[in-house]
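Inspection log for the structure reproduced underneath, given as structure tokens.
Chains as they are written, first to last, in the numbering used here: chain F, 1 to 349; chain X, 1001 to 1352.
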């Protein structure tokens, strides 16, 4: 074990900034989160003052319209925090365990799998409870994850990042086609799902988001426990095995964590892509690539991104709004291409 | 040569005439079987569509007589449907096969790398915000496909091997376009949204002779005038761009023409029928597996046509009295094939 720790420390000294800087990075992330929460409560089609917002939180007056606006934004703010934390951490976990810089719950098709099974569960099986919907989302994400990984790991060089991304995209195309087919069965199903399918926080009651918190916490704990393995995996599978890590068990555990996080996020907010891609890369710039710092950092940074995207989407085209899923895709797509262009040389795709 | 299709592999190289001849033979035999299966399916579909028609009446109609009701169903619904389906499938199949061969990767079909989404997004935009429902939809789909293809190509151009970059750029663009389509859907009235959704699934239900004719003329013109030239140049490009240049090919022009032809053959059908899931993706690899050779462009077109025609038959007959959109069938039955292709591509090392 001392060998493990000294190697990890070496890796950390090689790649990561010093401890005070990491702590500073966390303080910055915390401050950003506070700002983002405030912005999410204050700004929108109708902006309110800070005083009104604090009144709404502490002495709520149902007759005050402005306070009502704040209260209605409270649900989606909580939602953005829960969903952002889940997606950001899921992305970091996926990237660590698969040693794949392009991994994201959307790109690997997990969100599409969750959506499809949620749609099936609601449209055909009459599931309506949050627990049932989340269970359906887990199953969908787990099936797609298994398929993508199996398909990608066939062949000589194993599951390379590009094979995983392509397999995920191809499966997402197929699963999406089937989801569309199910949605088409009736106009009422379509109407119910078309807002959800895009990834949106706007019309979900706060109880749903609060109900998701225990699952996100569970998934987060599971994934955080794999941080040290991810550090070892970064040095190569052989090295990690030589250091005494049981990679198969760690990957299984990590996958369960990812499936729980991605499934929960999709169940409550619909499929939102690219958050899991962007967040770990951004956080890596701040705290380095030690997963024991990177994972908690992603947990903090995910909500910042989602809150910002949701708030901007509300402000950008009043009185209508652009859903958070669209905003994330519009920011994340170009970033993905940028990373691909700069990363092709250094990262062995 | 009565089969120009079989001629595509060109003069056999010295020293291996037998192998090439065998392969040509196999390709020709596959083509004959495929065409036969397609014709049989079409005939079966005339009798057993969504509703069963009395065999005697169908025969009368085919013999040129007018039978009230039956005449209409056959002449104005089933035949144009099959015609549009076959043409669309052929276009999609050729488009997919061109991309797959050019990029040397079975996964690099237009529906995976975002070109199909480009055409879809442009068409959805035209339908929802501009209310177009005629030839302008075609123009939009074509323009959307070309813009996305150009964008992806430009983003991934690097001088070195562009394949993986191009595919990844396509994935990202495709994800953005999907978000755009979903956004447009939420902005539409629920009736329009339902129509668009129907279209997005891929359906032949709005087919008529007019759309069949438009497809026939546009795809036919491209297929006869440009395609043989493109296929010849494709073979040079496959040798590597340096070799192609040494052989006297204007590489950048050849590439541009290839992309334009491939996008047009894929986008024109999409404007008519919506994106039929997996047809572009599957036609090439299936035809290659059946003929046990490399992807053969005309054969891929025939395979695409057969896929859509067969899928249409199942869509009409799977549930009595209720016709599914054909895209549901290609999507549902395409998924296992997709996994098979992924596994095959990965195990031969051509997946990435």
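For each residue, glycine too, the CB sits at the ideal point set by N, CA and C. On a predicted model such as this, the values are computed, not experimentally measured, just so you know.
Distance, Cα to Cα, residue 1226 of chain X vs residue 1261 of chain X? Taking the second chain and counting its residues from 1, one reaches residue 1226 of chain X at position 226. Taking the second chain and counting its residues from 1, one reaches residue 1261 of chain X at position 261. So the alpha carbons of these two residues sit roughly 7 Å apart.
Report the residue from F:77, F:88, F:34, F:104 whose alpha carbon sits nearest the alpha carbon of residue 369 of chain F. No statement about residue 369 of chain F is possible, as the shown extent of chain F runs from 1 to 349 and does not include it.
Counting only C-beta atoms, is residue 1197 of chain X closer than 8 Å to chain F at any point? Counting from 1 along the second chain, the entry for residue 1197 of chain X is found at position 197. Closer than 8 Å: yes.
Cβ-based contacts, 7 Å cut-off: residues of the stretch 180–199 of chain F near chain X: Look at the stretch 180–199 of chain F: the residues with a C-beta under 7 Å from a C-beta of chain X are 180, 181, 183, 184, 187, 190, 191, 194, 195, 197, 198.
Does residue 95 of chain F have its Cβ less than 8 Å from a Cβ in chain X? The sequence position of residue 95 of chain F within the first chain is 95, counting from 1. For residue 95 of chain F, the answer is no, since every Cβ of chain X falls outside 8 Å of its Cβ.
Using three-state DSSP, classify residue 1081 of chain X as helix, strand or coil. On the second chain, position 81 is the one that residue 1081 of chain X refers to. The three-state secondary structure of residue 1081 of chain X, taken from DSSP, is helix.
Would residue 74 of chain F and residue 33 of chain F be called neighbours here (beta carbons separated by less than 8 Å)? As a position in the first chain, residue 74 of chain F is number 74, starting the count at 1. As a position in the first chain, residue 33 of chain F is number 33, starting the count at 1. The answer is no: Cβ separation not under 8 Å.
So which of F:210, F:277, F:266, F:222 has the shortest CA-CA distance to residue 298 of chain F? For the purposes of this step, residue 298 of chain F is taken as residue 298 along the first chain, with counting starting at 1. The residue among F:210, F:277, F:266, F:222 with its C-alpha nearest the C-alpha of residue 298 of chain F is F:277.
Quick one: what's got a C-beta closer than 8 Å to residue 71 of chain F's C-beta in the same chain, skipping five residues either side? The residue given as residue 71 of chain F occupies position 71 in the first chain. Hits under 8 Å: 56, 60.
Going by C-alpha to C-alpha distance, which of F:38, F:174, F:66, F:193 sits closest to residue 46 of chain F? What you label residue 46 of chain F is simply residue 46 of the first chain in a count that begins at 1. By alpha-carbon distance to residue 46 of chain F, the top candidate from F:38, F:174, F:66, F:193 is F:66.
How long is the line joining the alpha carbons of residue 1132 of chain X and residue 1125 of chain X, rounded to whole angstroms? Residue numbering aside, residue 1132 of chain X sits at position 132 when the second chain is read from its first letter. Residue numbering aside, residue 1125 of chain X sits at position 125 when the second chain is read from its first letter. Answer to the nearest angstrom: the Cα atoms are 9 Å apart.
For the stretch 1277–1297 of chain X, which residues have a CB atom closer than 8 Å to at least one CB atom of chain F, in sequence order? Of all residues in the stretch 1277–1297 of chain X, only 1277, 1278, 1281 come within less than 8 Å of chain F when Cβ atoms are compared, listed by chain position.
By the three-class DSSP mapping on this structure, what secondary structure does residue 1047 of chain X have? Taking the first residue of the second chain as position 1, residue 1047 of chain X is located at position 47. Note: residue 1047 of chain X maps to helix in three-state DSSP.
Provide the residue(s) that pair with residue 18 of chain F in DSSP beta bridges, ordered along the chain. Position 18 of the first chain, counting from 1, holds the residue named residue 18 of chain F. Answer is none; residue 18 of chain F lacks a bridge partner.
Residue range of the unbroken alpha helix (DSSP H) whose run includes residue 204 of chain F: Position 204 of the first chain, counting from 1, holds the residue named residue 204 of chain F. In the DSSP assignment, residue 204 of chain F falls outside any alpha helix (DSSP H), carrying neither H nor E.
So the alpha helix (DSSP H) residue 1153 of chain X belongs to, where does it begin and stop? Start at 1 with the first residue of the second chain, and residue 1153 of chain X comes out as number 153. Taken as a continuous stretch (DSSP letters only), the alpha helix (DSSP H) holding residue 1153 of chain X covers 1135–1156.
Under 8 Å between C-beta atoms of residue 1298 of chain X and residue 1106 of chain X: Start at 1 with the first residue of the second chain, and residue 1298 of chain X comes out as number 298. Start at 1 with the first residue of the second chain, and residue 1106 of chain X comes out as number 106. No, Cβ-Cβ distance for residue 1298 of chain X and residue 1106 of chain X is not below 8 Å.
Listed in chain order, which residues of the stretch 1091–1119 of chain X have Cβ atoms closer than 8 Å to some Cβ of chain F? Correct list: 1107, 1111, 1112.
Classify residue 1334 of chain X: buried if its beta carbon has 16 or more other beta carbons within 10 angstroms, exposed otherwise. Numbered from 1 along the second chain, position 334 holds the residue referred to as residue 1334 of chain X. Only buried fits residue 1334 of chain X, as 16 or more other CB atoms lie within 10 angstroms of its CB.
Any idea what DSSP makes of residue 1052 of chain X, helix, strand or coil? Locating residue 1052 of chain X in the second chain gives position 52, counting from the first residue. In the structure shown, the three-state DSSP call for residue 1052 of chain X is strand.
Tell me whether residue 1337 of chain X sits in a helix, a strand or coil according to DSSP, three-state version. In the second chain, residue 1337 of chain X corresponds to position 337, counting from 1. The answer is helix: DSSP assigns residue 1337 of chain X an H, G or I state.
Take the Cβ of residue 50 of chain F as the centre, count every other Cβ of all protein chains shown within 10 Å, and call the residue buried at 16 or more, exposed below. For the purposes of this step, residue 50 of chain F is taken as the residue at position 50 of the first chain. So residue 50 of chain F ends up on the exposed side.
CB-CB length for residue 118 of chain F against residue 200 of chain F, believed under 8 Å: By 1-based counting over the first chain, the position of residue 118 of chain F is 118. By 1-based counting over the first chain, the position of residue 200 of chain F is 200. Actually they do not touch by this definition, with Cβ atoms about 14 Å apart.
Got a sec: is the Cβ-Cβ distance from residue 1264 of chain X to anything in chain F below 8 Å? As a position in the second chain, residue 1264 of chain X is number 264, starting the count at 1. Cβ-Cβ to chain F under 8 Å: no for residue 1264 of chain X.
Run through the DSSP bridge pairs and tell me what residue 1319 of chain X is partnered with. The sequence position of residue 1319 of chain X within the second chain is 319, counting from 1. Under DSSP, residue 1319 of chain X takes part in a beta bridge, and its partners are X:1322.
Start and end residues, alpha helix (DSSP H) containing residue 100 of chain F: Walking along the first chain from the start, residue 100 of chain F turns up at place 100. From DSSP, residue 100 of chain F is part of no alpha helix (DSSP H); its letter is neither H nor E.
On a Cα-Cα basis, can you pick out the residue from X:1101, X:1145, X:1052, X:1075 that is closest to residue 1288 of chain X? To locate residue 1288 of chain X, count along the second chain from 1; it is residue 288. It is X:1101 whose Cα lies nearest to the Cα of residue 1288 of chain X.
Partner residues on chain X for residue 113 of chain F, Cβ-Cβ distance less than 7 Å: Position 113 of the first chain, counted from the start, is the residue given in the question as residue 113 of chain F. Going along chain X, no residue has its Cβ under 7 Å from residue 113 of chain F, so there is no contact; the nearest lies around 12 Å.
Sorted by chain position, which residues of the same chain lie with C-beta nearer than 8 Å to residue 164 of chain F's C-beta, five sequence neighbours on each side aside? As a position in the first chain, residue 164 of chain F is number 164, starting the count at 1. Once the five neighbours on either side are set aside, the close Cβ partners of residue 164 of chain F are 98, 100, 102, 103, 108, 148, 149, 152.
Let me know if residue 1138 of chain X comes out buried or exposed under the rule of 16 or more other beta-carbons within 10 Å of its beta-carbon. Translated into positions along the second chain, residue 1138 of chain X becomes position 138. Buried.
Can you confirm whether residue 1182 of chain X, when its beta carbon is compared against all beta carbons of chain F, has any partner nearer than 8 Å? Within the second chain, residue 1182 of chain X is the residue found at index 182, counting from 1. With 8 Å as the cut-off, residue 1182 of chain X counts as an interface residue toward chain F.
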